[in-house]
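I have placed the structure first, in the form of structure tokens, so that the comments after it can refer back to it.
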Ligand code: TMP
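Shown next, in the form of structure tokens:
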């Protein structure tokens, strides 16, 4: 049974940045009610209302993994480990984006699956076999008929975006070799609850996984987690290493029990934990609004740093518009000169000169805080302040 615990109000589609033309023509944005629920049976946290995939992942998807140094570094390290440990003969990536990971592998050992054709075009151009399709059983059958089996299936920040998880895992087990390994990584529910980072919830993040829920879901496909790595990426993620239960050649690492124990101790099995979280989210909103109001009272300009999908949830839940955050700066070409979804806040291209003249920046891309604080060390040493809402709203 799905029990609702969090209502983040009416929200627009998070990665739908409106152009000036759309704004001027009074383009009607799609709004939906963003509510989050907990499944008392399998302990999976998900959005109550799911949005049609075709509205979200199309030929105009703005997010590119390669634009982030943090992600490039994480993918490089991962690919070295995969090559060393698993020696993949054939590697399949579900949600290959612009190839930030596969570029570390030999072209003839890789299959990319990416439904956003603007991104699929990039890996195709680089010479990687790419299916610009949604991951489903039909595609798995097609791939199997050509390649028989795949011995590593990898997917980062993608499976949580696909509504039909049964079809996802059925399709994966269809093509995974007997001793094959499935590696998935996604934001961690435990980290989200600890950091009160409720902006992990937006239309594309249909699910927020815990190790407990992943274990419950994959069980019926005769799959089991044999290792878990805790990552800093995307505000705190987990990387799950999964094998067939019939494969006894791989031992179960103690990291699995350790993570599950941490999650149980935090209360992820209990609905009451989620109700408490919802209360903390309300407090977080009030506190952030108070901070912004105070800063604005002194006629300061506030720049949004990183026009993230997460920031869309914050702006629309907290009711923040261009009378508070003057504009955003972002490095992604597909976002610049557009507007934050649901709001009148313009996104300008990243510009150091603008930052030099500013005192306050709201950290939209808080998940890249480390990278950003190094990049903006001059702003910080000149007395510039960042405003963040994670883990509690404050001025840094
Ligand atoms: P994400 O949180 O969905 O990964 O998106 C990160 C966004 O932040 C992306 O649009 C790029 C932007 N960004 C900057 O503008 N400057 C930076 O230094 C970093 C790290 C990210």
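In this note's numbering, the protein residues as written are 4 to 399. From the three backbone atoms N, C-alpha and C, an ideal C-beta is built for every residue, glycine too. Being a predicted model, the structure only gives us computed values, none of them experimental.
Top-ranked residue by Cα proximity to residue i, from the options
i, options, result
"residue 378", "44, 72, 312", "72"
"residue 68", "150, 335, 346", "335"
"residue 158", "94, 90, 46, 333", "94"
"residue 180", "89, 103, 272, 216", "89"
"residue 382", "97, 15, 391, 357", "357"
"residue 34", "24, 59, 43", "59"
"residue 372", "236, 287, 301", "236"
"residue 260", "289, 144, 227", "227"
"residue 86", "70, 108, 103, 322", "108"
"residue 149", "341, 161, 114, 384", "114"
"residue 21", "63, 43, 6, 40", "63"
"residue 96", "166, 178, 353", "178"
"residue 139", "4, 155, 161, 380", "161"
"residue 117", "266, 137, 389, 103", "137"
"residue 352", "343, 361, 338, 345", "338"
"residue 393", "6, 300, 286", "286"
"residue 185", "170, 57, 145, 229", "229"
"residue 265", "290, 313, 213", "213"
"residue 165", "110, 354, 57, 290", "57"
C-beta atoms of residue i and residue j nearer than 9 Å
i, j, result
"residue 65", "residue 18", "yes"
"residue 244", "residue 8", "no"
"residue 211", "residue 163", "yes"
"residue 1", "residue 50", "In the structure displayed, the chain extends from 4 to 399; residue 1 sits before or after that span and is not available."
"residue 298", "residue 398", "yes"
"residue 324", "residue 306", "no"
"residue 238", "residue 310", "no"
"residue 172", "residue 224", "yes"
"residue 201", "residue 320", "yes"
"residue 249", "residue 231", "no"
"residue 220", "residue 45", "yes"
"residue 303", "residue 363", "yes"
"residue 247", "residue 182", "yes"
"residue 32", "residue 16", "yes"
"residue 36", "residue 53", "no"
"residue 199", "residue 284", "yes"
"residue 77", "residue 234", "yes"
"residue 48", "residue 55", "no"
"residue 174", "residue 142", "yes"
DSSP bridge partner residues for residue i (one or two, in chain order)
i, result
"residue 269", "Residue 269 pairs with nothing; no bridge assigned."
"residue 388", "363"
"residue 307", "331, 365"
"residue 133", "115"
"residue 38", "10"
"residue 397", "391"
"residue 30", "Answer by DSSP bridge pairing: none, since residue 30 is not bridged."
"residue 190", "240"
"residue 352", "333"
"residue 5", "42"
Status (buried if at least 16 other CB within 10 Å, exposed otherwise) for residue i
i, result
"residue 203", "buried"
"residue 83", "exposed"
"residue 74", "buried"
"residue 370", "buried"
"residue 326", "exposed"
"residue 189", "buried"
"residue 130", "exposed"
"residue 348", "buried"
"residue 91", "buried"
"residue 359", "exposed"
"residue 24", "exposed"
"residue 30", "exposed"
"residue 242", "buried"
"residue 80", "exposed"
"residue 282", "exposed"
"residue 13", "exposed"
"residue 341", "buried"
"residue 350", "buried"
"residue 218", "buried"
"residue 343", "buried"
"residue 98", "buried"
"residue 395", "exposed"
"residue 252", "exposed"
"residue 345", "buried"
"residue 463", "Absent from the structure is residue 463, since the part of the chain shown begins at 4 and ends at 399."
"residue 240", "buried"
**Item:** Ordered list of beta strand (DSSP E) runs contained in the stretch 145-188, each at least 3 residues
**Value:** 153-159
**Prompt:** Taking only runs of the alpha helix (DSSP H) that begin and end inside the stretch 193-271, which ones reach a length of at least 4 residues, in chain order?
**Reply:** Annotation: the stretch 193-271 contains the following complete segments of the alpha helix (DSSP H) (minimum length 4 residues), in chain order: 214-222, 257-269.
**Asked** Enumerated in chain order, which unbroken segments of the alpha helix (DSSP H) with a length of 4 residues or greater are wholly contained in the stretch 45-95?
**Response** 56-59, 72-89
**For review: beta carbons within less than 6 Å of any heavy atom in ligand 2** = Ligand 2 is absent from the structure shown, which contains only ligand 1.
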